[in-house]
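See structure below.
Numbering (my numbering), first residue to last: 598 to 755.
Take a look at the structure:
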């Protein structure tokens, strides 16, 4: 596994934990905040999204090649979808990585760009072998995610 895959799995886990309490209403509320089409606003879609995130976390951590290439591609597709949805919903509020609503600003969009970078760096991770400090560049997007999340929360309080 690469350090980027582990960090991307941690971001997904945070999203799962934020949505888990109050499922499926909590996920549906986040989906509504992002202005998803009404056809997707069903409890089954919310549960399917949660299950997809959990499966992807497992694959990012445990899958070896060539499965890791496939799961990495799914992760990039998911991160890119999040980026597009957040950019489109700029100006509203969302509970994307937390249980409290936060305004969707340019900082939120930048956070999702960093998440996409983590997802791209995680492609081709090789299961539980090989996390090392030589993969330190993966810490750069994680630092960006954390910084943007902190800045977004401080904007909300102001």
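Just so you know, even glycine gets a beta-carbon here, dropped at the ideal spot from N, CA and C. All values derive from a computational prediction rather than experimental measurement.
By the three-class DSSP mapping on this structure, what secondary structure does residue i have?
i           : result
residue 640 : helix
residue 693 : coil
residue 700 : strand
residue 686 : coil
residue 672 : helix
residue 720 : coil
residue 619 : coil
residue 751 : helix
residue 662 : coil
Going by beta carbon distance, what residues of the same chain come within less than 7 Å of residue i, once the five residues before and after it are set aside?
i           : result
residue 694 : 611, 612, 615, 746
Based on the DSSP secondary-structure assignment, which residues constitute the bridge partners of residue i?
i           : result
residue 611 : Bridge partners of residue 611: none, in fact.
residue 732 : Per DSSP, none; premise fails for residue 732.
Spatial neighbours of residue i within its chain, please: CB distance less than 6 Å, with the 5 preceding and 5 following residues excluded, ordered by chain position.
i           : result
residue 716 : 605, 672, 673, 676
Thinking just about the alpha-carbon of each residue, which of the options is nearest to the one in residue i?
i           : options            : result
residue 689 : 678, 741, 702, 680 : 702
residue 710 : 734, 681, 698, 720 : 681
residue 685 : 634, 623, 609, 750 : 634
Give me, in chain order, the residues of the same chain whose beta-carbon lies closer than 8 Å to that of residue i; leave out the 5 immediate sequence neighbours on both sides.
i           : result
residue 755 : Any reading at residue 755 must be qualified, since the residue scores a pLDDT of 49, below 50, and its modelled position is unreliable; the value itself is stated next. There are no such residues.
Just mark residue i as buried or exposed, buried being the case when its beta carbon has 16 or more other beta carbons within 10 Å.
i           : result
residue 617 : exposed
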